[in-house]
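Visitor: The structure is given below, and queries will be raised subsequently.
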Amino acid sequence: MSDPAVKEALDLMDRAWRTRYRAFQQRPDSEEDLQRVIASVHADLEKAVAICRDVGAKRELSMALGKLGHVVEDAEAKLGCYVEAVAAARECGDAMQIAHSVRHLGDVHRNAGRRAEAKGCYNEALNLYRSEASAPPLDVANAVRPMAILKADLGERKEALGLWREARELYATVGIEEGVEEADRWIERLT
Numbered sequence: 027m028s029d030p031a032v033k034e035a036l037d038l039m040d041r042a043w044r045t046r047y048r049a050f051q052q053r054p055d056s057e058e059d060l061q062r063v064i065a066s067v068h069a070d071l072e073k074a075v076a077i078c079r080d081v082g083a084k085r086e087l088s089m090a091l092g093k094l095g096h097v098v099e100d101a102e103a104k105l106g107c108y109v110e111a112v113a114a115a116r117e118c119g120d121a122m123q124i125a126h127s128v129r130h131l132g133d134v135h136r137n138a139g140r141r142a143e144a145k146g147c148y149n150e151a152l153n154l155y156r157s158e159a160s161a162p163p164l165d166v167a168n169a170v171r172p173m174a175i176l177k178a179d180l181g182e183r184k185e186a187l188g189l190w191r192e193a194r195e196l197y198a199t200v201g202i203e204e205g206v207e208e209a210d211r212w213i214e215r216l217t
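Residue 89 in my numbering sits at position 63 of the sequence shown, and the numbers go up by one each step.
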C-alpha cells in the first residue's frame, strides 16, 4: 500500500522498535526513565494499530499487533493481540505473515501451558514456512525452536532432537551464535 496513513503506521512501528532496542542496549538511568520509554513504545504501537484498523491495512495491522503483543505484559492482552494479528494476517492472505503471527500465538499458548493449542499453531507455522521456498532461514529457525522445546516438554525426545538439529543448522546458516549454542545444549541434554 502506498497510502500515507500506512506509511505513518510503519514509521511508528519502526520508531517504537528502535526505541525499544536502544533501551535494551543502553539501560535508562532510572526506573522513571524506563517507564517513559515503555510508555512511548506502547503509545507508538497502539497508534500504529489504530491507523491500520482505520484504513483496513490488514498485513500492517497484523505486524503492529504482533509488535504490541510482544511488549504488553498482561497475559490476556498479549493473547488478544496475537489472536487479532492472526485474524488480520489470514484476511490479507500473506502466508509468511500468517506463519509469523501463528508462531507467536503458539508461544503465548505454550507459555500459558496450553500445549495442544501451541502444537497446532507451531504445526501450521512450520507447514507454511516449509511450503515457501523463499522463507527466511531465521524465521524458519525461530519456528522450529519453540516446537523443539514443546516436543521436549511433551517427552517426545526423538522428535525434539531432530528439530533441535534442524534449528542448529538454520541458526548456523544465518550466523546466530546464541541459537547455535542453545541448540547444542539441548542436543547434548537429549542425547
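All residues carry an ideal CB built from backbone N, CA and C; glycine is no exception.
Between 204, 195 and 183, which has its C-alpha nearest residue 215's C-alpha?
Guide: If you number the sequence shown from 1, residue 215 lands on position 189. Checked all of 204, 195 and 183; the closest Cα to residue 215 is 183.
Visitor: Going by alpha carbons, who is nearest to residue 143 out of 42, 172, 202 and 60?
Guide: As a first step, residue 143 must be located in the sequence shown, where it is residue number 117. Cα-wise, what sits closest to residue 143 is 172.
Visitor: Label residue 56 either buried or exposed according to how many other C-beta atoms from any shown protein chain fall within 10 Å of its C-beta, with 16 as the threshold for buried.
Guide: Within the sequence shown, the letter at position 30 stands for residue 56. Counting Cβ neighbours within 10 Å, residue 56 comes out exposed, since fewer than 16 surround it.
Visitor: Would DSSP call residue 201 helix, strand or coil?
Guide: Locating residue 201 in the sequence shown gives position 175, counting from the first residue. If DSSP states are grouped into helix, strand and coil, residue 201 belongs with coil.
Visitor: One question on the structure: do residue 115 and residue 157 come within less than 7 Å of each other, judged by their Cβ atoms?
Guide: Locating residue 115 in the sequence shown gives position 89, counting from the first residue. Locating residue 157 in the sequence shown gives position 131, counting from the first residue. Cβ atoms of residue 115 and residue 157: not closer than 7 Å.
Visitor: Please classify residue 129 as buried or exposed, where buried requires at least 16 neighbouring CB atoms within 10 angstroms.
Guide: Your numbering for residue 129 matches position 103 in the sequence shown. Buried, since its Cβ has 16 or more Cβ neighbours within 10 Å.
Visitor: Can you tell me the Cα-Cα spacing of residue 74 and residue 65, whole angstroms?
Guide: Taking the sequence shown and counting its residues from 1, one reaches residue 74 at position 48. Taking the sequence shown and counting its residues from 1, one reaches residue 65 at position 39. Whole-angstrom Cα-Cα distance: 14 Å.
Visitor: Examine chain B for any beta-carbon lying closer than 7 Å to the beta-carbon of residue 92, and answer yes or no.
Guide: Absence of chain B from the displayed structure is noted, only one protein chain being present.
Visitor: What's the gap between the Cα of residue 165 and the Cα of residue 126?
Guide: Reading the sequence shown from its first residue, position 139 is the one you call residue 165. Reading the sequence shown from its first residue, position 100 is the one you call residue 126. Distance between the alpha carbons of residue 165 and residue 126 is about 8 Å.
Visitor: Could you give the distance in angstroms between the alpha-carbon of residue 124 and the alpha-carbon of residue 151?
Guide: Within the sequence shown, numbered from 1, the residue matching residue 124 stands at position 98. Within the sequence shown, numbered from 1, the residue matching residue 151 stands at position 125. Using only the alpha carbons, I get a separation of about 7 Å.
Visitor: Rounded to a whole number of angstroms, what is the C-alpha to C-alpha distance between residue 33 and residue 81?
Guide: Within the sequence shown, the letter at position 7 stands for residue 33. Within the sequence shown, the letter at position 55 stands for residue 81. Computed Cα separation, rounded: 11 Å.
Visitor: Can you tell which of 105, 76 and 189 has the C-alpha that lies nearest to the C-alpha of residue 132?
Guide: Along the sequence shown, read from residue 1 onward, the residue named residue 132 stands at position 106. Ranking 105, 76 and 189 by Cα distance to residue 132 puts 105 first.
Visitor: Determine the DSSP secondary structure at residue 45, reduced to helix, strand or coil.
Guide: Taking the sequence shown and counting its residues from 1, one reaches residue 45 at position 19. Note: residue 45 maps to helix in three-state DSSP.
Visitor: Give the secondary structure of residue 156 by DSSP, where H, G and I count as helix, E and B as strand, and everything else as coil.
Guide: One-based indexing of the sequence shown puts residue 156 at position 130. The answer is helix: DSSP assigns residue 156 an H, G or I state.
Visitor: According to DSSP, is residue 27 part of a helix, a strand, or is it coil?
Guide: The residue labelled residue 27 in the question sits at position 1 within the sequence shown. At residue 27 the pLDDT is 48, less than 50, meaning the model places this residue with poor confidence and gives no usable figure here.
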